[in-house]
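Protein chains in written order, with my numbering: chain A, 1 to 123; chain B, 1 to 418; chain C, 1 to 496.
Beta carbons are placed, not taken as given, at the ideal position from N, Cα and C, and that holds for glycine.
See below for the structure under consideration.
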């Protein structure tokens, strides 16, 4: 039995429309402009993953927030768990890009994506 | 009042401006970069989602990470820059002398420059421009404004949101609101197709079950002190509301994501020629406007979907400034007009010389699949699986192909079916 | 001398002008009461901004309106100088496009004579084209009235109130009059949402609510105000065709017609429509597609080129307080003693405001037997906020050196510096405004009035307010509601 799913590839802004044939044991992908599309389609059909981004409160920084992201994509169902863990998190400035803010959430770390310098006076 | 001399004055410290300043400096030009806000970085500072730098750094960075890299380069290159600095007007004294008055917290500086690179970005369209009437309650924000509030200042603009327009900024904000547990009742789009990248429709709307109402328009906003609801209607093929199709969507927040417009007031004051389709300046292949030695790059030139293109334009403009200064002008020879052919809504540059390679940036009128983007006179064609208006086409044409054009009055850029 | 405690209800242009006029005399202790968070937020904020020449007033029908209009036109010339209110005096042309309109328009030449309005004359198509090159080709002639002017109405109210407060008037904002109290046939005060305020005289200048205030005092029970909506369309400064003079279509008995003006800030403005609303629709400031359509259509009879819809930067609506038969109700009562009405002040209310104030003063003096004693040291002058826009760079440089906040431009569309915003906040506090709103700042400094309509600068301006006033950014009030509903994580934490 064949089922065709249409997906938009999100690997890059080309946003190819992929046609995925799920055929019993196998998977055939059409419409991709690069190999990443095949990888993405496979992943998306079997176990969709997403990177999750948000902000957390930064104390004593030159900005009141620090932007963060999951280093690797996490399973779609995990999005809300990540957000929940971020809900009450506060960090102290300074923070460098790449700094680990929270370890091992849904199999990856949550890292800083902004440089927050210590403020001259407390914010 | 201090009087300072530079080869190049770069106006705007976002990605295009920073890249232009770095490049100009690397090319040996004495450069000053001025930025109005308190820090460099421009819009990407508030973009916490990835998608930046895939072409330029070959990495998938967030906006903040992307600009941090650029700023790092700027600082390592020792380029002079000012923040909290406002250019109050540019005067064209002569071909190699433009004067800009820069207002800063320590006084007014009169800056004399041989070339100017204008990279001050774009502004967002607001509710009145898109013909949404009704009450004018609080609770209406443009998408960029909402993004600034949430992702720089940690403020939640509202709890129940309707987004007007499905441009990328709107789609990104739909996801942001959803992630912070606000209810996004709908994204309302007047055209029959989304205004942003398909990947954003997937990741921002479909992932969160946010309804995308294509072919609909917001007629009016209702609310006394704060937004209480919007009235939406379906539209017909000529985009007019269909009588009797109105319905209400309760909400406390309206986000206007109706697109960007290049912010070019200082250029208009100098009398630059404007392209009605880009709403930005008419430029040649080195991004020089109709005012000699005044260049434009980034969203001030045309609205870009990728920051990588804004950066490329900044660097191109810097190269243009170098050529201009060295030769007291850009190119001898005659300029060849670039005409818009089949299914091309806009294309930059507007003039080419045939003496050097060119990067074309274009957008189509209508979505089409399996097409060639081509410049037949240059013998250039680029295959594309699918072109859509929200997705800019970028095409690099080598110098040898461009040389075939010299002597022509005009060339045509077009999209044709395979 | 025992001073009379005067309570003026409504800090619109009439109430504010009266407060200023009364403040000139030792006899009065004046309190100006306003239900909104700031002054001039009612009728005064949304109108055509014109100081009319008054040749359209019929002295046989409305003698008071005609007389006070003309006196007001003259008085404003002094007031704008004393109070540093932006104004222009371009003159006005009633444009006609048909023979019937011509007949109507020529009537105003006669009315001008009857009213003593100087310089009004009929002009033919050629002279019209010379006087006003932007005029529509449909126009076949006009009636020119050189004494018309334009002011910035909200700035005017702010300026008048600042001067009044400087001269001893007390302003109470966010204070709504709920009832007028009398005892033994005399006014004793008003009941408000903030408690009882004692007063010897109560002047009702409550605009759209004036009928209800009058009824509370027990007078004029048959007097009702009909809210008449007028929508306006505002364009940016860079539209291709802008009239040098005020242009308007020939007035009909119902409306003063459509105007095309260039505001004192340089924006092309078209309007108003004239839509009578149900009596209780006092808060319907909604704009409509039909209203905008009708304005753009009508405007073609005035201008040779009307900008496209996408050049619109703002659409807004004002409500005019139409009294029955168009007659202003300005009266000082003996029963109850001390109650004064200044109600139904429709057009030419803005023009007549300074004269209405003097007139009410004379009514008070006569009806309540007050022998006026001028205050020594009354200060007629008020300077506006120091702006960097429009100054030479040398001047700006000097200003910056005296205060670096002048060097930080926070609104690029209108070139407004941080110092101006801070000064506006200070002035708001000084007159007694309790809640610093972004709207209040917009009216005083123009931040958010430009092309971007605040989309770019609002967070920055709100940040300045947050810091200056000491409230969190999310709690800064835009107009009537807070900028944000909570912290970005407030829905996650459940404590909104």
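Classification of residue i by the beta-carbon crowding that lies within 10 angstroms, buried from 16 upward
{"i": "residue 163(C)", "result": "buried"}
{"i": "residue 75(A)", "result": "exposed"}
{"i": "residue 268(B)", "result": "exposed"}
{"i": "residue 190(B)", "result": "buried"}
{"i": "residue 46(B)", "result": "buried"}
{"i": "residue 279(C)", "result": "exposed"}
{"i": "residue 309(B)", "result": "buried"}
{"i": "residue 136(C)", "result": "buried"}
{"i": "residue 383(C)", "result": "exposed"}
{"i": "residue 313(B)", "result": "buried"}
{"i": "residue 457(C)", "result": "buried"}
Rounded straight-line distance, which links the Cα of residue j to that of residue i
{"i": "residue 96(B)", "j": "residue 327(B)", "result": "11 Å"}
{"i": "residue 401(C)", "j": "residue 387(C)", "result": "15 Å"}
{"i": "residue 98(A)", "j": "residue 72(A)", "result": "12 Å"}
{"i": "residue 235(B)", "j": "residue 380(C)", "result": "58 Å"}
{"i": "residue 170(B)", "j": "residue 183(B)", "result": "14 Å"}
{"i": "residue 322(C)", "j": "residue 352(C)", "result": "16 Å"}
{"i": "residue 463(C)", "j": "residue 86(A)", "result": "25 Å"}
{"i": "residue 15(C)", "j": "residue 28(C)", "result": "15 Å"}
{"i": "residue 197(B)", "j": "residue 386(B)", "result": "12 Å"}
{"i": "residue 227(C)", "j": "residue 208(C)", "result": "7 Å"}
{"i": "residue 245(B)", "j": "residue 251(B)", "result": "19 Å"}
{"i": "residue 94(A)", "j": "residue 312(C)", "result": "45 Å"}
{"i": "residue 7(A)", "j": "residue 20(A)", "result": "8 Å"}
{"i": "residue 41(C)", "j": "residue 352(B)", "result": "55 Å"}
{"i": "residue 484(C)", "j": "residue 128(B)", "result": "22 Å"}
{"i": "residue 67(A)", "j": "residue 25(B)", "result": "31 Å"}
Cβ-based neighbour list, residue i, same chain, cut-off 8 Å, excluding 5 preceding and 5 following
{"i": "residue 10(A)", "result": "40"}
{"i": "residue 37(A)", "result": "9, 11, 16, 18, 29, 31"}
{"i": "residue 374(C)", "result": "24, 25, 26"}
{"i": "residue 418(B)", "result": "370, 371, 372, 383"}
{"i": "residue 277(B)", "result": "340, 345, 346"}
Spatially closest choice to residue i from the options, by CA coordinates
{"i": "residue 294(C)", "options": "494(C), 189(C), 65(C), 306(C)", "result": "306(C)"}
{"i": "residue 294(B)", "options": "234(B), 135(B), 330(B)", "result": "330(B)"}
{"i": "residue 200(B)", "options": "30(A), 50(A), 5(A)", "result": "50(A)"}
{"i": "residue 355(C)", "options": "5(C), 308(C), 330(C), 422(C)", "result": "330(C)"}
{"i": "residue 88(A)", "options": "95(A), 18(A), 54(A)", "result": "54(A)"}
{"i": "residue 118(B)", "options": "71(B), 316(B), 60(B)", "result": "316(B)"}
{"i": "residue 108(B)", "options": "76(B), 369(B), 65(B), 89(B)", "result": "89(B)"}
{"i": "residue 76(C)", "options": "369(C), 30(C), 151(C), 139(C)", "result": "151(C)"}
{"i": "residue 52(A)", "options": "25(A), 81(A), 4(A), 115(A)", "result": "81(A)"}
{"i": "residue 202(C)", "options": "50(C), 368(C), 154(C), 237(C)", "result": "368(C)"}
{"i": "residue 409(B)", "options": "396(B), 348(B), 333(B)", "result": "333(B)"}
{"i": "residue 358(C)", "options": "38(C), 443(C), 437(C), 64(C)", "result": "64(C)"}
Spatial neighbours of residue i in its chain, beta-carbon cut-off 6 Å, leaving aside the 5 residues before and after
{"i": "residue 218(B)", "result": "132, 164, 188, 230, 232"}
{"i": "residue 412(B)", "result": "339, 341"}
{"i": "residue 412(C)", "result": "none"}
{"i": "residue 112(C)", "result": "55, 120"}
{"i": "residue 421(B)", "result": "Nothing about residue 421(B) can be reported from this structure: the residues present for chain B run from 1 to 418 only."}
Cut-off 7 Å between Cβ atoms - residues of its own chain near residue i, not counting five sequence neighbours on either side
{"i": "residue 185(C)", "result": "335, 336, 337"}
{"i": "residue 445(C)", "result": "385, 416, 420, 421, 424"}
{"i": "residue 224(C)", "result": "211, 279, 324"}
{"i": "residue 149(C)", "result": "51, 76, 87, 88, 89"}
{"i": "residue 221(C)", "result": "215"}
Cross-chain neighbours of residue i in chain D, by beta carbon under 7 Å
{"i": "residue 113(A)", "result": "As a matter of chain content, chain D is missing from the structure shown, whose protein chains are A, B and C."}
Residue i CB to nearest heavy atom of the ligand ADP below 7 Å
{"i": "residue 378(B)", "result": "The model depicted lacks the ligand ADP and carries no ligand whatsoever."}
Entirely enclosed alpha helix (DSSP H) segments - the stretch 172 to 220 of chain C, minimum 4 residues = 210 to 216
Ordered list of beta strand (DSSP E) runs contained in the stretch 17 to 77 of chain C, each at least 3 residues | 28 to 33
Note down, one range per segment and in chain order, each beta strand (DSSP E) of at least 3 residues found wholly within the stretch 145 to 206 of chain B.
-> 160 to 164, 183 to 189
Can you list the alpha helix (DSSP H) stretches of 4 or more residues lying completely in the stretch 41 to 88 of chain B, in chain order?
-> 63 to 76
Would you mind listing the alpha helix (DSSP H) stretches within the stretch 42 to 122 of chain A that are 4+ residues and don't spill past its ends, in chain order?
-> 79 to 87
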